[in-house]
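Report on the structure given below.
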Amino acid sequence: MLNSTINQDFFLSDAISLAKNLLGKILVRTINGQQIKVRIVETEAYMGANDRASHSYQFRKTSRTLPLYQIGGTTYIYLIYGMYYCFNIVANAQENPQAVLVRAGEIISGQKIIEDYLKPTKRKQSLAKLASGPGKLAMVLKIDRSLNQISLLNNQELTLIADDFTVNEEDIIAAKRINIDYAKEDKEHLWRFYLKNHLAVSK
DNA sequence: ATTCGGATTCTCT
DNA sequence: GAGAATCCGAATA
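At position 23 of the first sequence (counting the first as 1) the number is 116 in this note's numbering, and the numbers step up by one without a gap.
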């Protein structure tokens, strides 16, 4: 399998393009020298200042949303419902606060390591379902606030790579984003993207 | 200082 | 399909 690193330019597009381009790419999480790899199969684009669903709607700038104003490739991680983390990858140049929520992934290595820290009840879930949702994906990758606002380029603990897995346009399904009823008309956009027929896509 | 509710998930029914 | 779990950011005052 041919692996290649991903450079800065990859992240310097709008969030919709980045959300599609992230499908099929691999998140590599390193914990105590051991690697967990998850292939991204579902994403959502949050388009920033003009998107009511976005935390940076109307350029809202608070301590939480500061990572969104950094350069593409920066992480944006926050706690939701008091118990789950959402992992986002910032898109675009500085001061253009768009990001992609990584919603689901396929575990392709490191299953043993993951089982060591999952709750016993979770361990018997099928592998395909373990990272089938944003909170679950963050749990599998042990992503929490300590990884917030870091660059995915050349980071020791969390990086993004590509292999020879290819995604064609016809393999990508576009759908409405999930759980953003508060976003009024912006909830209608088809800014959720996932790989057709993939088992690990969230329900 | 206080209030409100969320880019979720699991466990019931 | 409904309800709970559970923290903290954001808005209001």
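We treat Cβ as the ideally placed atom computed from N, Cα and C, and that holds for glycine. Owing to the predicted nature of the structure, the values given are computational and were not obtained by experimental measurement.
*Taking the C-alpha atoms as reference points, what is the distance between Arg-270 and Thr-136?*
Translated into positions along the first sequence, residue 270 becomes position 177. Translated into positions along the first sequence, residue 136 becomes position 43. Their backbone Cα atoms lie some 9 Å apart in a straight line.
*Give the single residue among Ile-182, Gly-175, Ala-146 whose Cα lies nearest to the Cα of Asn-114.*
Here residue 114 corresponds to residue number 21 of the first sequence, with the count starting at 1. Answer by Cα proximity: Ile-182.
*asked:* Please report the distance separating the alpha-carbon of Ala-231 from that of Ile-207.
replied: Residue mapping note: residue 231 aligns to position 138 of the first sequence, counting from 1. Residue mapping note: residue 207 aligns to position 114 of the first sequence, counting from 1. So the alpha carbons of these two residues sit roughly 12 Å apart.
*For Tyr-174, is the classification buried or exposed, using 16 other Cβ atoms within 10 angstroms of its Cβ as the cut-off for buried?*
If you number the first sequence from 1, residue 174 lands on position 81. By the neighbour-count rule (16 or more Cβ atoms within 10 Å), Tyr-174 is not buried but exposed.
*Hey, quick one: how far does the alpha helix (DSSP H) through Ala-186 stretch, first residue to last?*
Locating residue 186 in the first sequence gives position 93, counting from the first residue. Per DSSP, Ala-186 belongs to no alpha helix (DSSP H) and is neither H nor E.
*Rounded to a whole number of angstroms, what is the C-alpha to C-alpha distance between Trp-284 and Asn-248?*
Here residue 284 refers to the residue found at position 191 when the first sequence is read from its first residue. Here residue 248 refers to the residue found at position 155 when the first sequence is read from its first residue. Cα to Cα, Trp-284 sits roughly 28 Å from Asn-248.
*Report back the beta-carbon spacing between Leu-120 and Gly-198 to the nearest angstrom; my notes put them in contact at under 8 Å.*
To locate residue 120, count along the first sequence from 1; it is residue 27. To locate residue 198, count along the first sequence from 1; it is residue 105. Contact holds; Cβ gap of about 7 Å.
*Would you check if the distance between the CB atom of Gln-151 and the CB atom of Leu-246 is smaller than 8 Å?*
Looking up residue 151 in the first sequence gives position 58. Looking up residue 246 in the first sequence gives position 153. No; because the gap between Cβ atoms is not below 8 Å, this pair is not in contact.
*asked:* Below 8 Å on the Cβ atoms is my contact criterion, and I expect Pro-190 with Ser-149 to pass it. Report the Cβ-Cβ distance as a whole number of Å.
replied: Here the question's residue 190 lines up with position 97 in the first sequence. Here the question's residue 149 lines up with position 56 in the first sequence. The pair is a contact, with the Cβ atoms about 4 Å apart (cut-off 8 Å).
*Check Arg-238 in the structure and name its three-state DSSP category.*
What you label residue 238 is simply residue 145 of the first sequence in a count that begins at 1. Helix, per DSSP.
*For Gln-128, which beta-bridge partners are listed by DSSP?*
By 1-based counting over the first sequence, the position of residue 128 is 35. Per DSSP, Thr-123.
*Nearest neighbour of Ile-122, chosen from Leu-240, Lys-215, Tyr-275 [CA to CA]*: For this step, residue 122 is matched to residue 29 along the first sequence. In the sequence as displayed, the identity of residue 122 is Arg instead of Ile. It is Leu-240.
*Thinking C-beta only, is Lys-280 closer than 8 Å to Ala-146?*
Numbered from its first residue, the first sequence carries residue 146 at position 53. Numbered from its first residue, the first sequence carries residue 280 at position 187. Cβ distance < 8 Å, so Ala-146 and Lys-280 count as in contact.
*Val-260 (DSSP reduced to helix, strand or coil)*: Within the first sequence, residue 260 is the residue found at index 167, counting from 1. DSSP places Val-260 in coil when its eight states are reduced to three.
*Name the two residues that bound the continuous alpha helix (DSSP H) containing Val-193.*
Residue 193 sits at position 100 when you count from the first residue of the first sequence. Note, Val-193: premise wrong, no alpha helix (DSSP H); beta strand (DSSP E) at 191-202.
*Please name the residue, chosen from Asn-96, Ser-219, Asp-144, that lies closest to Asp-274 on a Cα-to-Cα basis.*
Here residue 274 refers to the residue found at position 181 when the first sequence is read from its first residue. Nearest option by C-alpha distance: Asp-144.
*Just grab the DSSP bridge partners of Glu-137 for me.*
The residue given as residue 137 occupies position 44 in the first sequence. Answer by DSSP bridge pairing, in chain order: Leu-194, Arg-285.
*asked:* If contacts are defined as beta-carbon pairs under 8 Å, then Leu-292 and Ala-221 qualify, I think. What distance do you get, rounded to the angstrom?
replied: Within the first sequence, residue 292 is the residue found at index 199, counting from 1. Within the first sequence, residue 221 is the residue found at index 128, counting from 1. That pair is a contact at about 4 Å.
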